[in-house]
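**Q**
Residue numbers (the numbering used here), protein chains in the order written: chain F, 3 to 490; chain D, 83 to 184.
#1: Look up residue 78/F in the DSSP assignment and say whether it is helix, strand or coil.
#2: Since residue 171/D meets chain F, which of its residues come closer than 8 Å, beta carbon to beta carbon?
#3: Could you check if residue 86/F is buried or exposed, using at least 16 other CB atoms within 10 Å of its CB as the buried criterion?
#4: Rounded to whole angstroms, what's the CA-CA distance from residue 389/F to residue 41/F? Just pull it up for me.
#5: Is it a yes or a no for the segment 132–144 of chain F touching the segment 93–103 of chain D, going by three-plus beta-carbon pairs under 8 Å?
#6: Okay, do the segment 288–303 of chain F and the segment 269–279 of chain F touch, 3+ Cβ pairs below 8 Å being the bar?
#7: Do you know offhand how far residue 151/F's Cα is from residue 99/F's?
#8: Expressed to the nearest angstrom, what Euclidean distance is found between the alpha-carbon atoms of residue 156/F and residue 121/F?
#9: Against chain F, with Cβ distances strictly below 8 Å, would residue 105/D count as a contact?
#10: Just the chain F side, please: which residues come within less than 9 Å of residue 86/D by C-beta, in chain order?
#11: With a threshold of 8 Å between beta-carbons, can residue 167/D be considered close to chain F, or not?
#12: With a threshold of 8 Å between beta carbons, is residue 203/F in contact with chain D?
#13: Compare the C-beta of residue 489/F against all C-beta atoms of chain D and say whether one is closer than 8 Å.
#14: Judging by CA-CA distance, which residue of 88/D, 114/D, 112/D and 119/D is the nearest neighbour of residue 103/D?
#15: So residue 494/F contacts chain D; which residues on that side make the cut at Cβ distance below 8 Å?
#16: If I measure Cβ to Cβ from residue 173/F and keep anything under 6 Å in the same chain, skipping five residues before and after, which residues do I get?
#17: Quick check on the DSSP output: the beta strand (DSSP E) that includes residue 70/F runs from which residue to which?
#18: The alpha helix (DSSP H) with residue 152/F in it runs from where to where?
#19: Given a limit of 9 Å on CB to CB distance, which residues of the segment 180–193 of chain F reach chain B?
#20: Residue 300/F bridges to which residues according to DSSP?
#21: At which residues does the alpha helix (DSSP H) containing residue 389/F begin and terminate?
#22: With 9 Å as the C-beta to C-beta threshold (strictly closer), list the residues of the segment 228–245 of chain F near chain D in chain order.
#23: From which residue to which residue does the alpha helix (DSSP H) around residue 225/F run?
#24: Are at least three pairs of beta-carbons, each pair with one atom in the segment 114–132 of chain F and one in the segment 29–44 of chain F, less than 8 Å apart?
#25: Between 445/F, 128/F, 158/F and 165/F, which has its C-alpha nearest residue 182/D's C-alpha?
#26: Using the C-alpha atoms, what's the distance from residue 113/D back to residue 166/D?
#27: For residue 93/D and chain F, any beta-carbon pair shorter than 8 Å?
#28: By DSSP, does residue 37/F sit in helix, in strand, or in coil?
#29: With DSSP run on the structure shown, which of helix, strand or coil describes residue 181/D?
#30: Please work out which residues of its chain come closer than 8 Å, Cβ to Cβ, to residue 1/F, disregarding the five sequence neighbours upstream and downstream, and give them in chain order.
#31: Looking at chain D, is there any beta carbon in it that lies within less than 8 Å of the beta carbon of residue 133/F?
#32: Would residue 190/F and residue 199/F be called neighbours here (beta carbons separated by less than 8 Å)?
#33: Which of helix, strand or coil does DSSP assign to residue 355/F?
#34: For residue 100/D and chain F, any beta-carbon pair shorter than 8 Å?
#35: Could you check the C-alpha separation between residue 449/F and residue 351/F for me, to the nearest Å?
#36: Would you kindly work out how many angstroms separate the C-alpha atoms of residue 315/F and residue 36/F, rounded to a whole number?
Next up, the structure:
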């Protein structure tokens with residue numbers, strides 16, 4: 003039975019449904035070849051615009067994409083994966099806008115950066131549309147190995163290597179755990195397709211439970227949920243700041259997608275244990291992330307712990323195990339990708355200044371030197387906090403709604419407390435920027451128009467998508483329905 | 083020839099996975115950490131191949147092939163990062179790789 007299915011998978015399916023992936027894939031290999039042959043001076047002129055051009059072409063190809071199940075059932079192109087892919091490419095473009103100058107200033111301009119970030123983006127896109135465990139595994143490794151290399155890419159910085167090594171060890175553990183879970187799910191059902199595994203009616207239910215436990219622990223470690231979060235702040239602090247922005251946005255979106263895909267099936271059979279365990283992890287993660295963020299002195303570490311806390315918010319939505327929960331989490335993931343990319347890229351912009359040390363105190367009186375930047379950063383911080391006109395409010399309100407539909411009042415209470423704690427550090431940054439006097443003037447040379455445009459776009463969309471959530475919500479709503487009804 | 087029961091495969095792979103996890107927790111040498119990680123992934127391979135022998139399918143073996151290939155990738159990247167760490171500092175134990183705290 004197995005071999006026929008595998009041979010069937012080899013036949014080429016509808017290529018139009020994987021057009022963006024094909025473009026990104028081709029682009030990665032073109033960049034790889036060019037990196038071998040170009041002179042260092044040419045690389046700086048050719049690689050960045052070529053990469054950005056390729057991403058834009060991939061974005062333009064999305065209207066041609068047909069939804070459907072492809073490659074013998076291993077590759078699923080649905081609305082959920084499409085919207086994740088679009089936002090992943092958009093955020094990768096804003097990250098690219100910052101990369102050339104950032105790495106050149108630190109004498110770390112490597113041609114490798116461009117094809118590795120492209121391969122990582124490809125991995126995130128594949129992860130967004132895979133139901134097959136082998137595809138999940140390969141895509142997970144593609145994203146993770148890309149992140150390890152990108153983290154270590156800063157010349158002359160020991161913490162960059164340290165962060166990369168910690169990320170490698172913890173990322174490796176999480177992948178080992180997730181694939182060990184895959185073994186038990188395979189023994190249970192004799193299939194590596196997540197839908198077949200979870201709809202399979204077998205008698206050895208303990209294998210399925212064991213498999214799901216290992217699988218979920220692996221993914222919890224991958225997204226930085228609390229008992230397994232140690233690597234995350236170190237990796238995020240050590241990485242070059244544009245790479246941190248990429249990991250905190252595209253990485254987080256990609257790593258949550260398999261969990262979201264598993265959730266509708268689990269909610270039927272294991273509703274209570276699922277709610278209890280995921281809810282408990284979510285609660286601990288929210289509280290821990292926010293409390294530890296309060297005492298951070300370094301802005302990148304503070305935003306990293308805020309990222310840990312946000313993993314808790316997403317897990318809370320997943321714990322609700324309901325249709326509205328899926329939609330809320332997908333919306334919140336996209337929203338958080340935008341605001342975290344914006345916040346980290348603002349830090350990357352400020353790091354161009356020679357005496358900038360990333361300490362929180364450096365933000366005091368920022369509005370005198372950078373009035374627009376300070377305003378944009380304030381909008382992004384308010385969005386993370388979840389203040390009404392911004393996207394963060396819509397995301398958090400949706401998660402609250404889904405939790406209240408499932409009557410998870412304890413998790414709601416913890417989430418309210420956690421949000422209250424988070425006010426402490428977000429507002430402290432805003433107070434520093436707007437109510438303190440400037441101690442020293444800082445200036446930024448060597449800025450480019452693309453950086454300014456991408457910061458404006460990210461801050462503006464943090465408000466725009468909050469005022470008009472239906473722009474994204476329309477797509478998410480349909481994709482959530484499909485997840486629950488099952489694919490054709 | 084009597085077939086080896088599935089439980090035997092799973093016991094061996096569980097033991098090896100446990101040894102790998104134990105190594106990751108207690109050992110301090112950077113390269114030993116990478117070896118322990120490989121041990122965990124290879125335990126997964128044994129379990130997959132054993133499951134295939136039990137179920138009479140091939141997908142587990144294909145999965146194991148992918149794991150072998152990508153574990154090699156991970157080891158290559160890990161060794162590269164260790165060399166980069168050694169260039170800055172002659173560290174012997176992971177206790178010395180802790181500039182970032184808090």
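The C-beta atom is built at its ideal place from N, Cα and C for all residues, glycine as well.
Given the structure is predicted, the values throughout are model-derived calculations rather than measurements.
**A** Taking the definition as stated:
#1: Taking the first chain and counting its residues from 1, one reaches residue 78/F at position 76. Here residue 78/F sits in strand by DSSP.
#2: Residue mapping note: residue 171/D aligns to position 89 of the second chain, counting from 1. Within chain F, the residues near residue 171/D are 160.
#3: Your numbering for residue 86/F matches position 84 in the first chain. It is buried - the Cβ of residue 86/F has at least 16 other Cβ atoms within 10 Å.
#4: Translated into positions along the first chain, residue 389/F becomes position 387. Translated into positions along the first chain, residue 41/F becomes position 39. Their backbone Cα atoms lie some 49 Å apart in a straight line.
#5: no
#6: no
#7: Residue mapping note: residue 151/F aligns to position 149 of the first chain, counting from 1. Residue mapping note: residue 99/F aligns to position 97 of the first chain, counting from 1. Their backbone Cα atoms lie some 20 Å apart in a straight line.
#8: As a working mapping, residue 156/F is identified with position 154 in the first chain. As a working mapping, residue 121/F is identified with position 119 in the first chain. If I take the Cα positions, the gap works out to 19 Å.
#9: Walking along the second chain from the start, residue 105/D turns up at place 23. Output row for residue 105/D: interface = no.
#10: The sequence position of residue 86/D within the second chain is 4, counting from 1. The contacting residues do not exist; residue 86/D stays about 14 Å from chain F at best.
#11: To locate residue 167/D, count along the second chain from 1; it is residue 85. So, interface residue.
#12: Within the first chain, numbered from 1, the residue matching residue 203/F stands at position 201. Not an interface residue.
#13: By one-based count along the first chain, residue 489/F stands at place 487. Residue confidence for residue 489/F is low, a pLDDT of 45 falling below 50, so the modelled location carries little weight and cannot support an answer.
#14: In the second chain, counting from the first residue as 1, residue 103/D sits at position 21. The shortest Cα separation from residue 103/D among 88/D, 114/D, 112/D and 119/D belongs to 119/D.
#15: The question about residue 494/F has no answer here: the residues shown for chain F are numbered 3 through 490.
#16: Residue numbering aside, residue 173/F sits at position 171 when the first chain is read from its first letter. Answer for residue 173/F: 146, listed in chain order.
#17: To locate residue 70/F, count along the first chain from 1; it is residue 68. 70–72 is the span of the beta strand (DSSP E), which, as asked, contains residue 70/F.
#18: As a first step, residue 152/F must be located in the first chain, where it is residue number 150. Looking at the DSSP string, the run of the alpha helix (DSSP H) that includes residue 152/F is 135–153.
#19: Here the protein chains are F and D, and chain B is not one of them.
#20: Along the first chain, one-based indexing puts residue 300/F at 298. Per DSSP, 361/F.
#21: Along the first chain, one-based indexing puts residue 389/F at 387. From DSSP, residue 389/F is part of no alpha helix (DSSP H); its letter is neither H nor E.
#22: 235, 236, 239 and 240
#23: The sequence position of residue 225/F within the first chain is 223, counting from 1. Residue 225/F -> alpha helix (DSSP H) spans 207–225.
#24: yes
#25: As a working note, residue 182/D is residue 100 in the second chain. Of 445/F, 128/F, 158/F and 165/F, the residue nearest in Cα terms is 165/F.
#26: The residue you call residue 166/D lines up with position 84 of the second chain. The residue you call residue 113/D lines up with position 31 of the second chain. Approximately 13 Å between the Cα atoms of the pair.
#27: Locating residue 93/D in the second chain gives position 11, where the first residue counts as 1. False, the Cβ-Cβ gap to chain F never drops below 8 Å.
#28: Numbered from 1 along the first chain, position 35 holds the residue referred to as residue 37/F. It is helical.
#29: As a position in the second chain, residue 181/D is number 99, starting the count at 1. In the structure shown, residue 181/D sits in coil (DSSP, three-state: anything other than H, G, I, E or B).
#30: This structure gives no information on residue 1/F, because the portion of chain F shown stretches from 3 to 490.
#31: Within the first chain, the letter at position 131 stands for residue 133/F. With 8 Å as the cut-off, residue 133/F does not count as an interface residue toward chain D.
#32: Within the first chain, residue 190/F is the residue found at index 188, counting from 1. Within the first chain, residue 199/F is the residue found at index 197, counting from 1. For residue 190/F and residue 199/F, yes; Cβs fall inside 8 Å.
#33: As a first step, residue 355/F is located in the first chain; it is residue number 353 there, counting from the start. The answer is coil: DSSP assigns residue 355/F none of H, G, I, E or B.
#34: Mapped onto the second chain, residue 100/D falls at position 18. Answer no: the Cβ-Cβ gap between residue 100/D and chain F never drops below 8 Å.
#35: Within the first chain, the letter at position 447 stands for residue 449/F. Within the first chain, the letter at position 349 stands for residue 351/F. Answer to the nearest angstrom: the Cα atoms are 8 Å apart.
#36: Counting from 1 along the first chain, the entry for residue 315/F is found at position 313. Counting from 1 along the first chain, the entry for residue 36/F is found at position 34. The straight-line gap from Cα to Cα measures roughly 42 Å.
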